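Peer 1: Numbering (UniProt numbering), first residue to last: 1 to 326.
1. In the DSSP assignment, find the alpha helix (DSSP H) that holds residue 135 and state where it starts and stops.
2. With 16 other CB atoms within 10 Å as the buried threshold, where does residue 240 fall?
3. Cα-Cα, which of 94, 77, 72, 61 is closest to residue 17?
4. Can you look up residue 4 in the DSSP assignment and give me helix, strand or coil?
5. Is residue 10 helix, strand or coil when you go by DSSP?
6. In the DSSP assignment, what residue or residues form a beta bridge with residue 57?
7. Going by other Cβ atoms of all chains shown within 10 Å of its Cβ, with 16 needed for buried, is residue 52 buried or exposed?
8. What is the residue span of the beta strand (DSSP E) that residue 205 lies within?
9. Using CA atoms only, rank isn't needed, just tell me which of 231, 67, 194 is closest to residue 223.
10. Extract the residue ranges of the alpha helix (DSSP H) inside the stretch 67–127, only unbroken runs of 4 or more that lie entirely within it.
11. Hey, residue 261 and residue 165 are a contact pair by Cβ (cut 8 Å); roughly how many whole angstroms apart?
12. What residue from 131, 96, 134 has the CA that sits closest to residue 120's CA?
13. Quick test of the definition: if touching needs 3 or more C-beta pairs under 8 Å, does the stretch 203–217 touch the stretch 225–234?
14. Do residue 50 and residue 44 count as a contact pair if the criterion is CB distance below 8 Å?
15. Who are the Cβ neighbours of residue 299 in its own chain at under 7 Å, not counting the five residues just before and after it?
16. Taking all protein chains shown into account, do 16 or more other C-beta atoms lie within 10 angstroms of the C-beta of residue 98, making it buried, or fewer, making it exposed?
17. Leaving out five residues before and five after residue 175 in sequence, what residues of the same chain have Cβ atoms less than 6 Å from its Cβ?
18. Would you mind listing the alpha helix (DSSP H) stretches within the stretch 9–45 that are 4+ residues and don't spill past its ends, in chain order?
19. Quick test of the definition: if touching needs 3 or more C-beta pairs under 8 Å, does the stretch 211–219 touch the stretch 272–284?
20. So the alpha helix (DSSP H) residue 285 belongs to, where does it begin and stop?
21. So which of 123, 12, 217, 267 has the shortest CA-CA distance to residue 58?
22. How should residue 77 be labelled, buried or exposed, when 16 other C-beta atoms within 10 angstroms of its C-beta is the threshold for buried?
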């Protein structure tokens, strides 16, 4: 079988990444006609069309999209190989793309990382767990801070911390005068919950079911910030991780008596990319933070959880496994 022309593949990848031939040529430090010729030669060699060209816009075809997924991995592997061969020891430059399902645990890690390693440029993308995991798989994200981690052997999973989920009550609510509330206390209340599939909602619903408690009504809210505002406005009782509540004079945060509802957080990367110096440095820092926290997860190593995170607890008097998605 004829070997593939690497210059042609590199030209294709640059055009797909940059979204056009002019920008790709600038990235590759070649002329625009040269870049176009390389891509055209690749298409002619294999009898395929990789880009739809028209009206000054360049769009990937179905074949081009499939090839782009391959070249992403190819050039990510090239980056890793170059770094491995060069035995990079000092983080004087480069980039680190961090993904997270929320800013509360990721931002302190990034702040500590930049203090320790000011050279690399760090970016943060926030979205749901599925989007962040897709970013990891496509190497658009180097490392992610997530509560929802699937059992996937391609992932390297580092337990970070465990925090209790607590009840969020308006300061004027009768329950706000208590030191703690039980799940049965909430039977007559309207609950403000995140969208179906969110980590907090799953844990709360599992605990309510175990305690055989059915709330009077449920209001569905799409973001943590909106949940806080809804509770403050008196629309109902909410739930949040203790670590994610930054304080609000309108609200009271109360422990849940008689039930353990706990949320775990993990730092995740592709197993094959954990040797990259910048990723390795972030993982080392995360281990330090986990050890300093001294929580239930601090004694667990990533080796003990190869691509599969331990289950969270959501119990009403006894342990029960729960899904891991915020």
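Even glycine gets a Cβ: it sits at the ideal position worked out from N, Cα and C.
These figures come from a predicted structure and were not determined experimentally.
Peer 2: Here's the rundown:
1. To locate residue 135, count along the chain shown from 1; it is residue 135. Secondary structure note for residue 135: its alpha helix (DSSP H) is the uninterrupted segment 129–137.
2. Looking up residue 240 in the chain shown gives position 240. It is buried - the Cβ of residue 240 has at least 16 other Cβ atoms within 10 Å.
3. Residue mapping note: residue 17 aligns to position 17 of the chain shown, counting from 1. Residue nearest to residue 17 within the set 94, 77, 72, 61 is 72 (criterion: CA-CA distance).
4. As a position in the chain shown, residue 4 is number 4, starting the count at 1. Note: residue 4 maps to coil in three-state DSSP.
5. Here residue 10 refers to the residue found at position 10 when the chain shown is read from its first residue. Assigned with DSSP and collapsed to three states, residue 10 falls in helix.
6. Here residue 57 refers to the residue found at position 57 when the chain shown is read from its first residue. Residue 57 pairs with 54.
7. Residue numbering aside, residue 52 sits at position 52 when the chain shown is read from its first letter. The residue in question, residue 52, is exposed, as its Cβ has fewer than 16 Cβ neighbours within 10 Å.
8. As a first step, residue 205 is located in the chain shown; it is residue number 205 there, counting from the start. Residue 205 -> not in any beta strand (DSSP E); alpha helix (DSSP H) instead, spanning 199–210.
9. The count along the chain shown starts at 1 and reaches residue 223 at position 223. The option with the nearest alpha carbon to residue 223 is 194.
10. Runs of the alpha helix (DSSP H) lying entirely within the stretch 67–127, each at least 4 residues long, are 103–116 in chain order.
11. One-based indexing of the chain shown puts residue 261 at position 261. One-based indexing of the chain shown puts residue 165 at position 165. That pair is a contact at about 4 Å.
12. Reading the chain shown from its first residue, position 120 is the one you call residue 120. It is 96 whose Cα lies nearest to the Cα of residue 120.
13. No: fewer than three Cβ pairs fall under 8 Å.
14. Residue numbering aside, residue 44 sits at position 44 when the chain shown is read from its first letter. Residue numbering aside, residue 50 sits at position 50 when the chain shown is read from its first letter. Contact: no.
15. Looking up residue 299 in the chain shown gives position 299. The pLDDT assigned to residue 299 is 37, lower than 50, so where the model puts this residue is not dependable, and the model offers no usable value.
16. In the chain shown, the residue the question calls residue 98 occupies position 98. When all chains shown are included, residue 98 counts as buried.
17. Start at 1 with the first residue of the chain shown, and residue 175 comes out as number 175. Close CB contacts of residue 175 within its chain, under the 6 Å cut and outside five residues either way in sequence, are with 169, 181 (chain order).
18. List check, alpha helix (DSSP H) in window: 21–28.
19. Touching, no.
20. One-based indexing of the chain shown puts residue 285 at position 285. 277–293 is the extent of the alpha helix (DSSP H) around residue 285.
21. Residue 58 sits at position 58 when you count from the first residue of the chain shown. Per the Cα distances, 12.
22. Position 77 of the chain shown, counted from the first residue, corresponds to residue 77. That one is exposed.
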